[in-house]
Structure formats: C-alpha cells, structure tokens
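K.L.:
Got a structure for you, questions after.
Residue numbers (the UniProt record's numbering), protein chains in the order written: chain A, 1 to 289; chain B, 1 to 289.
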C-alpha cells in the first residue's frame with residue numbers, strides 16, 4: 001500500500017504489490033510485466049497504473065500549453081484510420097484532462113460555458129487513440145475512432161461545404177465531404193456502383209465494367225500485383241513502382257466496392273494488427289508454424 | 001467586351017467572345033468549351049473565367065462565415081494526399097480570398113496583425129486543391145499539397161508532440177508525428193528497414209525478412225492478391241475481404257519501402273489520374289486498344 005498526491009485524484013491510492021509506479025510528472029517509467037494488469041484504486045474507480053502515468057505526463061505537458069485569454073486552445077478531432085477531420089472545437093485544460101481520462105473527445109462549449117463530450121447525446125463518441133500538441137503549443141489534435149457520424153446533421157464530418165468546388169470531373173452525389181485522395185477515389189467508385197443499378201445497357205466506363213464482371217476484375221488485380229512485383233524483380237524505376245501500386249490499389253478498391261467493404265474497415269484491421277504487437281509477430285508465427 | 005463589377009477586382013474586365021460568364025454571386029454556370037481556355041483580363045493580370053466564377057461563388061459563401069469578434073475563423077491546412085493535418089492558423093476574409101486567388105494557403109497572423117502566406121520565406125507553400133467550411137461556418141479546411149515540410153522546425157507537420165504516447169509497441173525513431181493508420185504502418189516499415197542496415201544476423205521480424213528477400217516478398221504479394229480475389233470468387237464474407245486487403249496493402253507497402261517509394265507518391269499518382277477525367281478513361285482507352 002502506498003499513497004501519492006495527484007491533482008486529478010487527490011485521494012490516497014492503493015496499488016497491488018509488484019507494480020512499479022511513476023509518481024513524478026515527467027517520466028514514463030512504468031514497466032510492470034505486460035501480461036499482468038496492475039491497478040491503482042482511485043476512490044471507487046479502478047484505473048490502471050498506466051493511465052495514471054499517462055495523465056501525470058499529460059499534466060506536465062498541459063502546463064506548457066499556451067491557452068488563450070479565455071483559457072482555450074483549438075482542438076481538432078481526426079479519424080485515426082482515414083485521416084478525415086471530423087470536427088473542430090475548443091478545449092480548456094479540464095476538457096483535455098477529461099478526454100484523457102474518459103478516452104472520449106471532450107471540448108469546452110464557448111456558448112454554453114461548459115464542458116461537453118462529443119456523443120453525450122447522440123452516442124456517437126470519438127474514441128481517443130492519441131492526442132498531439134503542435135509546435136506552438138496552442139493547437140491540439142484528438143486522434144480517434146468515431147462511433148458514428150460526427151456532425152449533428154448526420155454527416156460523417158462537419159466539413160461538407162466546398163468553397164472552391166474544383167473537382168469538376170468528380171460529381172459526388174449528395175456527398176461533398178472534404179475527402180483526401182484515397183477516400184475521394186472510394187467515393188467515385190461507390191458512385192459508379194450506384195449508377196450501375198439504375199443504368200440501361202450501353203457504353204460503360206472502365207470502373208463500371210470492372211464492377212459488373214468479377215472475372216475481369218480479378219484478372220486485373222492479379223495482373224497488377226504481378227506488374228508491381230516486376231518493378232522490383234526487374235529493377236524498374238521508382239515512378240513505375242508508384243504507378244503499378246496505384247493500379248493495384250484502384251482495382252483492389254473496386255473489389256472492396258463489389259463486396260461492400262469500406263477502406264476504413266481495412267485500415268482498422270491494419271491498425272488492430274500492428275497495435276497488438278504487430279502484423280510482424282502474427283506473420284512470423286504463421287510462417288514458423 | 002463586357003464590364004462587370006467585382007469587389008476583388010473593381011476594374012472593368014474583358015472577356016474573349018464565346019465564353020459564358022457567371023456574374024452574380026451564387027451560380028456556377030460557366031460551361032464554355034473545356035478545350036479552349038477563356039480569360040478575363042483583370043487589370044494587367046490574366047485570370048481564367050473559371051477562377052472568376054469560383055471567387056464570385058466564394059464571396060457569397062464567405063458572407064455567411066461566422067467570423068469571431070476579431071474577424072477570424074480557424075483555418076486548418078490538410079495534406080490532400082495523406083490526410084495529415086499540416087498546421088492550424090487563423091484566417092480573416094482577406095486571407096481566404098488571397099488563398100483562393102493565389103492557390104497558396106494564407107493565414108492572418110494575430111501577433112503581427114497581417115496576412116501571411118505559408119511558404120513566403122521558406123518556399124514551402126501549401127498548394128490549394130480545395131477549401132471547405134464546416135457546418136457552423138466558423139472553421140475552414142485548406143486541402144492542399146505541401147511543397148516541403150510545413151513546420152518551421154523542419155518537421156513535416158507541426159503536430160509532433162504526443163500527449164498520450166499510447167503506441168508503446170511502436171517505437172518510432174525520432175518521429176512522433178500524428179500519423180493515421182496507413183502512414184503509421186509506413187513509418188514502422190521504414191524503421192525496420194533502417195534497423196536492418198545496422199543489424200547483425202539473427203532472428204528477424206517478418207517485416208525484416210520480407211525487406212531482405214525480394215523473392216519471398218514478391219511471392220507473398222502474389223499470394224495475397226490471389227487470396228483477395230478468392231474472397232470475391234468464392235463468396236467469402238466481408239471480414240475476409242477486409243483482412244486479405246490489409247495483407248495486400250501491408251506486403252505491397254514493404255515493396256514500396258524496398259524501392260524507396262512513399263505511399264504519398266502513390267496517392268499523388270491516383271489523384272492526378274482521376275482528376276484528369278479519371279483512371280476510368282485511361283483504362284478504358286487501354287482496354288479498347
């Protein structure tokens with residue numbers, strides 16, 4: 001049994017024997033055996049030692065934030081898998097600390113003068129994976145996974161009003177989200193698929209032909225994978241590799257559309273694999289067995 | 001010859017015959033023949049009609065922005081290809097209009113009380129592809145392609161200080177950028193490649209084995225592409241498709257690392273293809289010839 005003082009949790013804390021603790025603000029010296037989860041009992045709430053150490057480190061970092069004259073900093077919520085900017089609000093110190101302890105993106109409402117956790121009414125929480133400060137220490141990224149649409153309008157993100165509308169070739173039906181390249185392509189393919197259902201026979205775009213003919217699509221995926229490998233085996237230049245990889249991605253994404261699989265789901269698989277000590281170990285096990 | 005009034009460019013404007021113009025703020029009715037570029041001559045600066053129409057539409061949109069008591073809104077610069085949040089600043093109306101006309105991300109400096117264009121000293125401009133407003137109309141995304149590192153420290157983005165530092169399994173050497181899933185994986189693979197050079201022989205991780213043995217790597221890429229196709233051909237469930245696509249991506253990304261090709265370069269290829277009226281047309285031409 002040991003007692004520590006801690007501004008977030010001033011009660012005395014119990015810790016099971018064997019765990020090493022970081023008590024001071026700066027360090028990250030928690031290295032108790034990974035397989036055994038040790039807990040600090042904070043009043044009636046059980047919280048792992050690791051959380052305690054993270055919050056302790058965060059307190060120190062937050063001391064260095066340049067809060068504005070209202071005690072606020074800009075807080076941007078970003079989808080950890082797709083990179084989509086979900087929403088932007090403001091956070092004070094308590095909002096960031098609440099975000100850290102609850103792992104739900106929490107902001108300070110300037111109009112209501114109170115903390116609010118995104119999702120507290122809609123249940124569409126943004127589940128935090130990491131938090132970053134910028135070089136000036138007055139801007140924060142909440143990197144997280146949303147449970148559902150973030151915008152109160154039901155849109156996936158709050159940014160659906162283009163000012164420039166430059167993509168004249170890309171007629172995205174009822175969806176003008178600020179999409180980055182991969183997701184913009186996904187949206188275009190998805191639109192072609194929707195058009196296909198309503199269409200008479202006639203001259204189809206390449207994407208539509210791929211969407212209709214599984215045999216053509218699969219033969220193209222195999223062919224493009226082959227060509228990507230050849231850029232390595234035959235020592236072709238880097239621009240060929242980038243070009244063939246683009247082909248692999250595009251054709252594979254058409255297959256995802258046929259199967260109704262979102263690229264975000266693929267990213268989630270990748271993230272879960274390499275955060276659970278990695279693809280590498282899994283692959284290594286498979287390859288050894 | 002026709003004259004219009006326009007707040008950005010109050011001089012009379014000349015337009016070559018045949019082009020149709022949108023004069024009023026709201027519409028987007030410019031549809032002069034795509035192959036022939038028509039120009040408005042704005043004082044001594046030649047600017048295409050399309051720019052004029054975009055700016056005209058933007059003026060109307062900016063009328064609806066909820067600028068704060070200092071006339072500012074939050075402006076977030078995001079990499080159009082990777083989704084990385086590059087930096088965050090503030091913009092007033094003039095900053096947004098300058099961004100639109102110059103196609104370089106421009107902000108309002110609160111400390112110097114003046115406009116500044118990112119890159120005006122470093123030459124690392126952020127070249128604008130699109131601009132989005134959020135649902136509350138008080139937050140702006142500048143979606144663009146950076147010429148080089150955005151941060152004044154030389155870092156790719158300004159967000160390199162993790163508050164949580166949750167990724168204990170991922171030891172990213174001297175690089176703690178706020179990376180989303182695909183780029184986080186790319187960073188891990190790149191780190192394995194760097195370690196490989198310095199390493200004695202011994203038990204290697206799967207990624208390192210792939211990095212060392214091109215034949216193994218290529219056979220895995222072909223095998224994973226095959227398995228992805230089979231999820232369609234043999235009607236396997238969606239989770240299998242997501243999992244096999246993750247395998248394709250991971251192994252293909254190891255090949256990119258071997259060839260020193262960034263996934264961002266691949267995204268650029270994709271964007272350029274489908275913004276030049278699309279992959280589809282290119283593919284369609286190839287397939288017909």
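Just so it is clear, CB atoms sit at the ideal spot from N, CA and C, and this is done for glycine as well. No experiment lies behind these values; they were computed from the predicted model shown.
1) Beta-carbon within less than 6 Å of residue 6 (chain A)'s beta-carbon, same chain only, minus the 5 sequence neighbours each way: which residues are those?
2) May I ask you to list, following chain order, the residues of the region 238–266 of chain B that have a beta carbon less than 7 Å from some beta carbon of chain A?
3) What residues of chain B sit near residue 152 (chain A), judged by a beta carbon separation below 8 Å?
4) Which residues, in order along the region 72–102 of chain B, keep a beta-carbon less than 8 Å from a beta-carbon of chain A?
5) Would the beta-carbon of residue 143 (chain B) be found less than 6 Å away from any heavy atom of the ligand MN?
6) Cβ of residue 296 (chain A) within 7 Å of Cβ of residue 76 (chain A)?
7) So, is the C-beta of residue 32 (chain A) closer than 7 Å to a C-beta in chain B?
8) Cβ closer than 7 Å: which chain B residues qualify as neighbours of residue 132 (chain A)?
9) Output the boundary residues of the alpha helix (DSSP H) element that contains residue 251 (chain A).
10) In whole angstroms, give me the CA-to-CA distance for residue 154 (chain B) and residue 147 (chain B).
11) Establish whether the CB of residue 115 (chain A) and some CB of chain B are separated by less than 7 Å.
12) Can you name the residues that DSSP bridges to residue 90 (chain B)?
13) Could you list which residues in chain A have their beta carbon closer than 7 Å to that of residue 181 (chain B), in chain order?
14) By Cβ distance, which residues of its chain are closer than 8 Å to residue 218 (chain B), with the 5 residues on each side in sequence left out?
15) If we count the other Cβ atoms within 10 Å of its Cβ and call it buried at 16 or more, is residue 273 (chain B) buried or exposed?
16) What residues match up with residue 159 (chain A) in a beta bridge as DSSP calls it?
17) Take residue 112 (chain B) as the anchor and find which of B:100, B:96, B:239 and B:90 has the nearest alpha-carbon.
18) Three-state secondary structure (DSSP) at residue 206 (chain B)?
19) Apart from the five residues just before and just after residue 167 (chain B), which ones in its own chain have a Cβ nearer than 8 Å to its Cβ?
20) Evaluate residue 144 (chain A) with the Cβ neighbour count: other Cβ atoms within 10 Å of its Cβ, from every protein chain shown; 16 or more gives buried, anything less gives exposed.
21) If you drop the 5 nearest sequence neighbours on each side, which residues of the same chain put their C-beta closer than 6 Å to that of residue 240 (chain A)?
22) Just checking my contact of residue 245 (chain B) with residue 246 (chain A) at CB under 8 Å: how many whole Å lie between their CB atoms?
23) Please confirm whether residue 139 (chain B) has its beta-carbon closer than 7 Å to some beta-carbon of chain A.
24) Using the Cβ count rule (16 or more neighbours within 10 Å means buried), how would you classify residue 267 (chain A)?
25) Short of 7 Å Cβ to Cβ, which residues in the region 192–212 of chain B face chain A?
26) Here's the rule: buried if 16 or more other CB atoms are within 10 angstroms of the residue's CB, otherwise exposed. What is residue 130 (chain B)?
27) Mapping DSSP to helix, strand and coil, what is residue 114 (chain A)?
28) If you reduce the DSSP assignment to three classes, tell me which class residue 109 (chain B) lands in.
29) Tell me residue 144 (chain A)'s beta-bridge partners as DSSP assigns them.
30) Would you report the Cα separation of residue 170 (chain B) and residue 192 (chain B), rounded to the nearest angstrom?
31) Taking DSSP as the reference, what is the three-state secondary structure of residue 187 (chain A)?
32) In chain A, which residues lie with their C-beta within 9 Å of the C-beta of residue 222 (chain B)?
33) Would you kindly check if the distance between the Cβ of residue 108 (chain B) and the Cβ of residue 97 (chain B) is under 7 Å?
34) For residue 58 (chain B), go through chain A and note every residue whose CB falls closer than 8 Å to its CB, in chain order.
35) State yes or no: is the beta carbon of residue 61 (chain B) nearer than 7 Å to at least one beta carbon in chain E?
36) Determine the extent of the alpha helix (DSSP H) in which residue 220 (chain A) is found, giving its start and end residues.
P.N.:
Judging by the given coordinates:
1) On the first chain, residue 6 (chain A) is found 6 positions in, with the first residue counted as 1. Legend: pLDDT at residue 6 (chain A) = 29, less than 50; position of this residue unreliable, no value from coordinates given.
2) 238, 241, 242, 243, 245, 246, 248, 249, 250, 252, 255, 256, 258, 259, 260, 261, 265 and 266
3) By 1-based counting over the first chain, the position of residue 152 (chain A) is 152. 135, listed in chain order.
4) 74, 76, 78, 79, 80, 81, 82, 83, 84, 85, 87, 88, 96 and 100
5) Absence of the ligand MN is noted for the structure shown, with no ligands found whatsoever.
6) There is simply no residue 296 (chain A) to check, as chain A begins at 1 and stops at 289 in what is shown.
7) Within the first chain, the letter at position 32 stands for residue 32 (chain A). Per-residue confidence for residue 32 (chain A) stands at a pLDDT of 28, beneath the threshold of 50, marking its modelled position as unreliable; no derived number is given.
8) The residue given as residue 132 (chain A) occupies position 132 in the first chain. Going along chain B in sequence order, the residues near residue 132 (chain A) (Cβ under 7 Å) are 159, 161, 162, 163 and 178.
9) Start at 1 with the first residue of the first chain, and residue 251 (chain A) comes out as number 251. Segment 238–258, the alpha helix (DSSP H) holding residue 251 (chain A).
10) As a working note, residue 154 (chain B) is residue 154 in the second chain. As a working note, residue 147 (chain B) is residue 147 in the second chain. Each residue's Cα considered, the two are about 12 Å apart.
11) Reading the first chain from its first residue, position 115 is the one you call residue 115 (chain A). No, residue 115 (chain A) does not count as interfacial toward chain B.
12) Within the second chain, numbered from 1, the residue matching residue 90 (chain B) stands at position 90. B:74, per the DSSP bridge assignment.
13) One-based indexing of the second chain puts residue 181 (chain B) at position 181. Near residue 181 (chain B) (Cβ distances below 7 Å), the residues of chain A are 80, 81, 267, 270 and 271.
14) Translated into the one-based positions of the second chain, residue 218 (chain B) becomes position 218. Within the same chain, residue 218 (chain B) has close Cβ partners 255.
15) Position 273 of the second chain holds residue 273 (chain B). Per the 10 Å Cβ criterion, buried.
16) Within the first chain, numbered from 1, the residue matching residue 159 (chain A) stands at position 159. Residue 159 (chain A) is bridged to B:134.
17) For the purposes of this step, residue 112 (chain B) is taken as residue 112 along the second chain, with counting starting at 1. Per the Cα distances, B:90.
18) Locating residue 206 (chain B) in the second chain gives position 206, counting from the first residue. Correct three-state label for residue 206 (chain B): helix.
19) The count along the second chain starts at 1 and reaches residue 167 (chain B) at position 167. Per-residue confidence for residue 167 (chain B) stands at a pLDDT of 48, beneath the threshold of 50, marking its modelled position as unreliable; the derived number appears in the next sentence. Once the five neighbours on either side are set aside, the close Cβ partners of residue 167 (chain B) are 184.
20) Here residue 144 (chain A) refers to the residue found at position 144 of the first chain. Label assigned to residue 144 (chain A): buried.
21) Translated into the one-based positions of the first chain, residue 240 (chain A) becomes position 240. The answer, listed in chain order, is 231.
22) Here residue 245 (chain B) is taken as the residue at index 245 of the second chain, counted from 1. Here residue 246 (chain A) is taken as the residue at index 246 of the first chain, counted from 1. About 15 Å separates the two Cβ atoms, so there is no contact after all.
23) In the second chain, counting from the first residue as 1, residue 139 (chain B) sits at position 139. Cβ-Cβ to chain A under 7 Å: yes for residue 139 (chain B).
24) Taking the first residue of the first chain as 1, we reach residue 267 (chain A) at position 267. Under this definition residue 267 (chain A) is a buried residue.
25) 205, 206 and 207
26) Looking up residue 130 (chain B) in the second chain gives position 130. So residue 130 (chain B) ends up on the buried side.
27) Residue mapping note: residue 114 (chain A) aligns to position 114 of the first chain, counting from 1. Strand, per DSSP.
28) By 1-based counting over the second chain, the position of residue 109 (chain B) is 109. Residue 109 (chain B) falls in the strand class under three-state DSSP.
29) Locating residue 144 (chain A) in the first chain gives position 144, where the first residue counts as 1. The partner list for residue 144 (chain A) (beta bridge, DSSP) reads A:79 and A:128.
30) Position 170 of the second chain, counted from the first residue, corresponds to residue 170 (chain B). Position 192 of the second chain, counted from the first residue, corresponds to residue 192 (chain B). Since pLDDT at residue 170 (chain B) reaches only 41, below the 50 mark, its modelled position is unreliable, and the value read off the structure follows with that caveat. Taking the straight line joining both Cα atoms gives about 11 Å.
31) As a working mapping, residue 187 (chain A) is identified with position 187 in the first chain. The answer is helix: DSSP assigns residue 187 (chain A) an H, G or I state.
32) Taking the second chain and counting its residues from 1, the one referred to as residue 222 (chain B) is at position 222. Going along chain A in sequence order, the residues near residue 222 (chain B) (Cβ under 9 Å) are 222, 225, 226 and 229.
33) For the purposes of this step, residue 97 (chain B) is taken as residue 97 along the second chain, with counting starting at 1. For the purposes of this step, residue 108 (chain B) is taken as residue 108 along the second chain, with counting starting at 1. The answer is no: Cβ separation not under 7 Å.
34) Within the second chain, numbered from 1, the residue matching residue 58 (chain B) stands at position 58. Ordered by position in chain A, the residues that pass the 8 Å Cβ test against residue 58 (chain B) are 163 and 164.
35) No chain E appears in this structure, whose protein chains are A and B.
36) Stepping through the first chain from its first residue, residue 220 (chain A) is reached at position 220. 214–233 is the extent of the alpha helix (DSSP H) around residue 220 (chain A).
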